[in-house]
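Residue numbers (our numbering): 4 to 91.
Glycine is no exception: its CB is placed at the ideal position from the N, C-alpha and C atoms.
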């Protein structure tokens, strides 16, 4: 199993100026790793909706890199969004 802390530590090195949207457990921990919280969009309590929010943000800001940290449970709550993303 990959620990969320290890993912965040590795990602932080490569983040650059990307917009980060953490959800669920990752949202509670991302604040300990970010050094650019003005580019973070923590949607705590929006389980199942953050994938749609990330897609909307990415489509509205095409020159920005948007990164979503989602969980399997949250993704399953809105699985239809995967087909929408695949079509983009």
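Proximity to residue 51 across 16, 83 and 64 peaks at 83, based on C-alpha coordinates.
A direct Cα-Cα distance of roughly 17 Å separates residue 5 from residue 71.
The residues 34, in chain order, have a CB closer than 8 Å to that of residue 40 in the same chain once the five nearest residues on each side in sequence are set aside.
In this structure, 24 is the residue among 32, 24 and 80 with its C-alpha nearest to the C-alpha of residue 60.
Residue environment analysis places residue 69 among the buried positions, since at least 16 neighbouring C-beta atoms fall within 10 angstroms of its C-beta.
Exposed is the label assigned to residue 86, since fewer than 16 other Cβ atoms lie within 10 Å of its Cβ. Under the three-state reduction of DSSP output, residue 58 falls in the helix class.
Residue 84 carries a helical assignment under DSSP once its states are collapsed to helix, strand and coil.
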